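Protein chains in written order, with our numbering: chain A, 55 to 238; chain B, 55 to 238. Note sheet for the following structure.
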DNA sequence: ATGAATGCAAAGGTTTTGCACCCCC
DNA sequence: GGGGGTGCAAAACCTTTGCATTCAT
């Protein structure tokens, strides 16, 4: 059984923080933008995607919408509506919260973000829809969210669904676990 | 690869309902109590479990708590706090909602119920903790919740977690799919 | 000029909390 | 009689909506 089939990504890149301290917000960890240049590139690409969608659906351009997108790309990997509001308030206090709530569905519809698993408090977690499907593993100690992908599980799900007479559309799979940070 | 490793249980037992009609509430389907005698047996067993917990934690007996438990066992397989409130209101209108919200954590702590996957509207779904772990497959058409268990996926999760340096504690796995009811 | 998009504030729906009272041990 | 448990109502919390206004096309 090949180990190469696993892949993992730490959403939180700041590995220096002590793991034992519980955080108030998952997002405190996921806020570290990994690479400014990469983020800018991505923002540029996604802005294009947004514009395409806006044109296609005969919507109108809006500065607020682009500000929101910028904050998402630069600061958030996994975020709730409230996280986003809070961050947006720091960079762009002029954008109202109703606008945020009204635009999240637009970003989802344009496949720029997608709804992920619910966070620890039960709120919808959004994340960038980068095209690469992954599932989540959340550390119960440090609350960081990691991503994993395992082809064997994916395949098995399809098999199970099929055997049971279902056509699978999507799934959410979260493992709550303890990372070994503490014991290292 | 043996097929016998799959198991499935329909939470909703009323198979006569037309599948095409979307429901307002998941619970409308999961409300069909399968067998009165079995439910009473279970209630008796769980009441004992509750009493043990109450004694152990030096809490006190309460009639409301037992009423709530009775409604859970008799009417609910998968339910949100609000579902429970609504049903409770019919059988025991004298029990206040604060009491329900305050007791749900007690039932969870005593391992009588557990938090399940979030429902379609994002609310926490509780379910009886019957000791048999299972995951869920939800039909996007008829909204019924089915339970499945696949040992291969379970094992694989442990392997993945272990390889990545995590000690898994629990997980939630929901497949959103379309059942073949319509096309039959 | 038309209708999308916005900010604000008010309303909505769900869960939690404060408080006085009740009841179990 | 001490402290958990309760009901009620108020508050807290997050999200949606109404409305007048602004802005993009």
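All C-beta atoms, glycine included, are put in the ideal place defined by N, C-alpha and C. Note that the coordinates shown come from a computational prediction; the quantities given were computed from them, not determined experimentally.
Using 8 Å as the threshold, is the C-beta distance between residue i and residue j below it?
i	j	result
residue 104 (chain A)	residue 123 (chain A)	yes
residue 178 (chain B)	residue 170 (chain A)	no
residue 131 (chain B)	residue 212 (chain B)	no
residue 125 (chain A)	residue 100 (chain A)	no
residue 172 (chain A)	residue 147 (chain B)	no
residue 166 (chain A)	residue 183 (chain A)	yes
residue 154 (chain B)	residue 138 (chain B)	yes
residue 202 (chain B)	residue 218 (chain A)	yes
Please confirm whether residue i has its beta-carbon closer than 8 Å to some beta-carbon of chain B.
i	result
residue 89 (chain A)	no
residue 194 (chain A)	yes
Determine the chain A residues that contact residue i at a beta-carbon separation under 8 Å, and present them in chain order.
i	result
residue 178 (chain B)	176
residue 29 (chain B)	Given that chain B is displayed from residue 55 to residue 238, the structure contains no residue 29 (chain B) and the question cannot be resolved.
If the cut is a Cβ gap below 8 Å, which residues of chain B does residue i touch?
i	result
residue 161 (chain A)	None at all; the shortest Cβ gap to chain B is about 17 Å.
Against residue i, what residues of chain A qualify as contacts under a CB-to-CB distance less than 9 Å, listed in chain order?
i	result
residue 210 (chain B)	204, 206, 207, 210
So with Cβ pairs under 8 Å, would you call residue i a contact of chain A?
i	result
residue 191 (chain B)	yes
Contact list for the segment 212-235 of chain B against chain A, Cβ threshold 7 Å: 214, 215, 217, 218, 219, 220, 221, 222, 223, 224, 225, 226, 227, 228, 229, 230, 231, 232, 233, 234
Any 3 or more C-beta pairs closer than 8 Å across the segment 188-203 of chain A and the segment 185-205 of chain B: no
Cβ contact check for the segment 222-232 of chain B and the segment 207-225 of chain A: 3 or more pairs under 8 Å: Result yes; three or more Cβ-Cβ pairs closer than 8 Å.
Residues of the segment 106-135 of chain B with Cβ closer than 7 Å to any Cβ of chain A, in chain order: none
Segment contact, 8 Å Cβ cut-off, at least three pairs: the segment 115-131 of chain B with the segment 148-161 of chain B: Yes, they touch.
Cβ pair count under 8 Å reaching 3, the segment 207-216 of chain B against the segment 205-222 of chain A: Short answer: they touch.
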